[in-house]
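Structure record follows, encoded as structure tokens.
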Amino acid sequence: MEFEVSYNLENAQQFWTELDDILSVKCDTHELIDNVLRSFLAFTTRFKDDYLRTEQEIAHCSYRLLASPIFGTHADYVRHQVAYALLQEDEGPSLNLIAAILLYEGRVHEETFELLQQVGAFPRLVELIQAWGEDPVLHRALLDLMYEMSRIQRLTWEDLSAVTDAFVIFLFGITESLSSDVTDPYHYPVIRVLLVLNEQYIVSANVTPTHPTPLTNRVLKALSTNLSSYKTFGENLILLLNRESETSLQLLILKLLYMLFSSSATAEYFYTNDLHVLLDVILRNLLDLPAEEPAMQALRHTYLRVLFPLLANSQLRRPGMAYKQPEIRQVLRFLAAAPSADTARHFAPADPTTVRLAARCCAVDWIRGPDDALIPPVPAPAPAPEPTTMPEAATVPETSSKPPDPTITITTATPFSTPQTAPTPPAPRSRRRAAPRAPPARTPRKTAPTPGSPLSSAANSAPGSPTRSTASPSGIASGTASPHRRKTSGEKRDSGDGRREVAYRTLGMSLPTGAESGASVAAVAGHMERPGVKTPSRGGRGG
């Protein structure tokens with residue numbers, strides 16, 4: 001029989017000392033571990049309003065557990081127990097600690113985020129984010145947890161099905177409201193969740209479908225049906241692109257911009273003045289990105305792939321709406337021109353993909369000038385054997401009327417070493433690079449933890465606890481490979497065409513310039529970068 005312990009604390013030092021005493025108990029069995037976890041959660045929940053009021057204090061408390069002997073010896077078991085606790089706990093103070101522990105541990109060892117997907121935590125996060133909007137610290141932790149677990153792995157059809165129109169509209173509504181947090185005036189965590197959800201929809205539509213019912217991109221749907229209601233989101237998107245130095249987040253923004261300008265319903269989403277600012281940012285970044293680094297070449301390609309539908313489909317195409325046409329042509333000609341005595345001082349020789357993409361932008365009606373014939377023609381790529389993965393963008397022609405079946409490959413991350421103690425939340429961790437792996441066998445989804453989960457607010461003594469998983473951490477699923485080649489006019493329609501048409505309809509790509517190049521769609525969807533990688537700027541841009 002267990003007795004409730006009475007505490008009489010007078011200051012914060014006594015709180016942290018007592019917490020260390022709880023975590024220093026030696027545990028040799030799962031039952032003893034469960035008892036310590038229950039005591040930890042009960043103690044921190046009881047004194048949360050006194051000593052764990054801020055995000056920094058909650059982070060410090062979480063790291064006490066992560067640096068404790070019990071976690072160092074039984075990390076896998078503790079991860080499972082805390083993950084199951086997220087599924088069943090309903091009290092705000094407990095959820096604050098549970099979400100923080102999972103978030104900070106996952107940023108160091110991302111198998112924690114993979115575990116959350118295996119136990120079915122994504123639908124639970126959708127539910128909790130909607131329910132706890134009034135608690136800013138908990139709400140931010142839940143948003144960050146959803147973002148981090150979604151950026152490192154492809155979500156399943158069941159996961160994305162949990163995202164409803166009401167949930168997306170709820171998030172957009174937050175971005176339109178005034179922020180009460182002076183450190184986050186733009187609702188950055190909410191915007192990041194919307195961006196990563198859009199990426200998940202793009203990836204889902206560009207891999208071989210495994211479910212008969214295609215998913216609707218609810219982020220694009222909300223914007224297309226409420227264009228005038230979510231203008232602040234667009235303004236903040238441009239502001240973040242202008243200031244963001246992390247390459248992976250730039251890519252998330254560019255992917256949403258690509259989809260917006262490729263759909264007739266959203267091609268004119270931005271106010272004209274905001275569109276001018278966006279165009280200025282894109283042109284500056286195209287010139288600032290160093291050409292010597294392959295990763296920055298790929299980022300420049302994505303900027304050019306976004307620029308093309310922006311020029312061709314936005315309101316800038318209308319008579320009298322042209323903006324900086326000479327400057328745009330000058331930048332594109334610099335990127336597409338062969339090296340000369342002038343350009344060699346500033347640019348390395350342009351790679352074939354940059355030349356082709358820049359020349360394609362120059363072909364837009366209101367951009368084209370009388371002297372564009374000076375741009376060298378782009379040689380056709382040499383024929384290659386049928387690949388088993390998506391080829392480099394430079395080897396795939398982007399003028400095919402029938403897009404190839406794209407294959408998306410997502411890489412994993414490189415973990416940091418385990419921190420001992422930290423008073424403030426850590427910076428996002430980098431990804432570990434690994435070869436693509438087949439999707440692992442998924443454990444059955446759980447809507448509630450198995451009986452005996454130690455962090456339950458029910459009785460302290462439970463008959464059992466969840467069995468420790470013996471499966472290896474799940475890898476990041478990649479799409480099934482398919483050959484890439486151009487169909488001749490005499491060939492018959494094959495079954496893959498129907499799947500691609502469904503994918504384009506699902507993505508909302510109704511404009512010809514958005515869907516005419518399957519290579520562009522695949523390249524934009526498949527362009528990934530490790531979190532934490534910064535984009536160098538030749539122009540010395542900062543902030």
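Residue numbering for the sequence shown is 1 to 543, as defined by UniProt numbering.
Just so it is clear, CB atoms sit at the ideal spot from N, CA and C, and this is done for glycine as well.
- Per the C-alpha coordinates, the member of L178, V163, D181 and L251 positioned closest to V219 is V163.
- It is roughly 28 Å from the alpha-carbon of E127 to the alpha-carbon of D50.
- Residue burial is scored here from C-beta neighbours: Q13 has fewer than 16 other C-beta atoms within 10 angstroms and is therefore classed as exposed.
- Each residue's CA atom was taken as its position, placing Q153 and L171 some 22 Å apart.
- W366 places its beta carbon less than 9 Å from that of A322.
- Nearest Cα to Q200 within the set F43, G234, Q56 and D159: D159.
- For I98 against A85, the beta-carbon gap comes to about 5 Å, under 8 Å, which counts as contact.
- The Cβ atoms of L286 and L304 lie closer than 9 Å to each other.
- Between L103 and D144, the C-beta gap is smaller than 9 Å, which places the two residues in contact.
- Comparing alpha carbon positions, the residue from L256, V306, N273 and P214 closest to A222 is L256.
- No residue range can be given for W132, since it is assigned to no alpha helix (DSSP H) and is classified by DSSP as neither H nor E.
- Nearest neighbour of D21 by Cα position, chosen from R53, S68, E55 and I58, turns out to be S68.
- Non-local C-beta neighbours of I169 in its own chain, meaning closer than 8 Å and more than five positions away in sequence, comprise A222 and N226, ordered along the chain.
- Going by DSSP, F167 is part of the alpha helix (DSSP H) stretching over D165 to T175.
- Shortest Cα-Cα distance from S150 to any of E292, F261 and V203 involves V203.
- By the criterion of a C-beta distance shorter than 6 Å, S179 is surrounded in its chain by P185 and H187, once the five residues flanking it on both sides are discounted.
- Take the alpha-carbon of F308 and the one of E292: they are about 23 Å apart.
- Within the UniProt domain "SPIN90/Ldb17 leucine-rich" (184–327), complete beta strand (DSSP E) segments of at least 3 residues are not found at all.
- DSSP places L155 outside both helix and strand once states are collapsed to three, so it counts as coil.
- Rounded to the nearest angstrom, the gap between the Cα atoms of V281 and E244 is 11 Å.
- When DSSP assignments are scanned along the segment 27–81, the uninterrupted stretches of alpha helix (DSSP H) that are 4 or more residues long and fall wholly within it turn out to be 30–46, 48–51, 55–66 and 69–73.
- For I98, the enclosing alpha helix (DSSP H) has its first and last residue at G92 to V108.
- With respect to D34, Q88 sits apart: the two C-beta atoms are not nearer than 9 Å.
- DSSP, reduced to helix, strand and coil, places S161 within a helical segment of the structure shown.
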